[in-house]
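Residue numbers (full-length UniProt numbering): 1 to 522.
No residue lacks a Cβ here, since even glycine has one placed at the ideal position from N, Cα and C.
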């Protein structure tokens, strides 16, 4: 939680280890940014957290999964002046700056530049920090976030998924998605595409959306099929309509942070796919489709273009089997790609990870980064950038020999503005630009693994980790401060997720059977 130093820092010298707030005159500002635990304590014992404590037997029920429930506590959107940060803006006009200020008001970036004045703003002293836009993740199956460690030797992603898909209950979905969202926010990921490909019924969709309402992370909720659903059976568009009207209507609890999309299984079962695409077109929803990591699961962009489906709102993931015709189809239609770098390495039986990445970037395709699942990749965009940069080199004696290597700027763009483009949000987020929403990450530049900094882009791609994140703003709300999540009680989130995981493992049985009938405590 935020703390008050023994001696008040000033905007000039600052406290070396805290993001203490000041008013424009340099006085310590009032402290409206206390974490939920402190606020609840101040409000008295009668205050109730939206995340209840778990019982010994199972994770606590989060309550009814419906949009009409009373919203949980959320930080206010304030008026802030981030002062003296080293800046990686991802804006081609603003560029990188050794020292810059950022004014944020009512969730929007107002101005960026050195020596700004903002009457009435609370000052965040960022003199020993790097400011950058929040990361944008474009492919994450969040319903299984709590199953990150279900995998083991000889029992990897697909086996663990198959063993547990039917073992989740709606409350488990809530706790899993909330765990994933809070972890994302803590890691500087301010936007995520929740690729929901195990929607087992309306109550499961509601549980995920309830978690989004409580999670405070910008997102697309991509409604999909039930894992194991017959290929001839289309996804439930009647329930998508219900979700659109109840969760995304006039009484939406999302405050503009979440939008609706769909994920489809692709043209492998062509009649079903054509039926689903007709329904998607009628509703004007953005689409996400897996395009395969191996020859037997390949989905080709050129085929989708011939069908008239490919475009900026059609996101293809993996794309390892793409050939030149597919890449040119993507260029012509401005369709984006999501690369899950760790997943491509572990599951990419089509091979050619590095070559495909180089060829797509050289062609000018919008390539973004993603995780796929927490049992395949760490929820760590710094590491994803690092892996993409390290693998993104031409190989002598191959058809990549003449291609340009991936540079630091491209790695950062894949993790920020390209993700925003892929989700149709490039005018809203993805760079620190006046007029855009304030999704901003502050990274400690004086940490042991970062200092001394030289090139800012190299520092972010090669040296930084989520542990270096001091402050995170999402839509102008401070959700992390002084390295601590202040928007959520993370201990409760972890306890509930652990109890839910124990329940899923118990229902699944087999190699997943817990060694104790009692859920773990933390």
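Beta-carbon contacts of residue i that lie in its chain and below 6 Å, excluding the five residues immediately before and after
i           : result
residue 172 : 500 and 504
residue 165 : 198 and 227
residue 520 : 498
residue 426 : 420
residue 194 : 142, 219 and 221
residue 146 : 176, 179, 497, 500 and 501
residue 355 : 400
Delimiting residues of the alpha helix (DSSP H) encompassing residue i
i           : result
residue 341 : 341–347
residue 135 : Note, residue 135: premise wrong, no alpha helix (DSSP H); beta strand (DSSP E) at 135–140.
residue 215 : 202–215
residue 223 : That residue, residue 223, is in no alpha helix (DSSP H); its beta strand (DSSP E) goes 218–223.
residue 174 : 170–186
residue 243 : 237–246
Three-state secondary structure assigned by DSSP to residue i
i           : result
residue 50  : Caution applies to residue 50, whose pLDDT of 36 falls short of 50 and renders its modelled position unreliable; the value that the coordinates give is listed next. Coil, per DSSP.
residue 521 : coil
residue 101 : strand
residue 395 : coil
residue 158 : helix
residue 510 : helix
residue 294 : coil
residue 196 : strand
residue 496 : helix
residue 400 : coil
residue 505 : helix
residue 164 : helix
residue 66  : coil
residue 116 : coil
residue 153 : coil
residue 261 : strand
residue 131 : strand
residue 561 : Outside the modelled stretch of the chain, which goes from 1 to 522, sits residue 561, for which no answer is possible.
residue 74  : coil
residue 306 : helix
residue 588 : Here the chain comprises residues numbered 1 to 522, so residue 588 is not present and cannot be evaluated.
residue 516 : coil
residue 190 : strand
residue 232 : coil
residue 267 : coil
residue 36  : Low per-residue confidence applies at residue 36: pLDDT is 41, beneath 50, and the placement is therefore not dependable enough to give any value.
Of the residues the options, the one placed nearest residue i, counting alpha carbons only
i           : options               : result
residue 177 : 191, 381, 211 and 235 : 211
residue 285 : 355, 312 and 318      : 312
residue 324 : 315, 344, 364 and 288 : 364
residue 188 : 175, 216 and 331      : 216
residue 132 : 489, 341, 494 and 443 : 443
residue 136 : 221, 169, 419 and 332 : 419
residue 375 : 445, 204, 129 and 342 : 342
residue 329 : 349, 101 and 360      : 360
residue 534 : 200, 77, 66 and 339   : Look at the range of the chain in this structure, 1 to 522, and you will see that residue 534 is not part of it.
residue 493 : 174, 94 and 102       : 174
residue 204 : 225, 488, 467 and 464 : 225
residue 96  : 409, 450 and 415      : 409
residue 207 : 502, 403, 452 and 62  : 62
residue 308 : 362, 319 and 332      : 332
residue 579 : 267, 336 and 293      : Within the shown structure, residues of the chain are numbered from 1 to 522, placing residue 579 beyond reach of any answer.
residue 367 : 112, 413, 74 and 347  : 413
Same chain, Cβ closer than 7 Å to residue i, neighbours up to 5 away in sequence not counted
i           : result
residue 510 : 163
residue 345 : 353
residue 42  : Caution is warranted here: a pLDDT of 36 is assigned to residue 42, below 50, making its placement in the model unreliable, and no coordinate value can be reported.
residue 155 : 511
residue 417 : 90, 426, 430 and 431
residue 515 : none
residue 247 : 67 and 209
residue 107 : 77, 437, 438, 475 and 476
Endpoints, beta strand (DSSP E) assigned at residue i
i           : result
residue 83  : 79–88
residue 270 : Unbroken run through residue 270 is the alpha helix (DSSP H), 270–283; no beta strand (DSSP E).
residue 477 : 477–481
residue 122 : 122–125
Closer than 8 Å: residue i CB and nearest the ligand ZN heavy atom
i           : result
residue 481 : The ligand ZN is absent from the structure shown, which contains no ligands of any kind.
Other residues of its chain near residue i: CB distance less than 8 Å, five sequence neighbours each side excluded
i           : result
residue 522 : 491, 494, 495 and 498
Item to check | Complete beta strand (DSSP E) runs within the region 406–471 (minimum length 3 residues, chain order) | outcome: 440–444
Checklist entry - Which whole runs of the alpha helix (DSSP H) in the region 308–395 are 4 residues long or more, in chain order? => result 324–333, 341–347, 353–363 and 381–391
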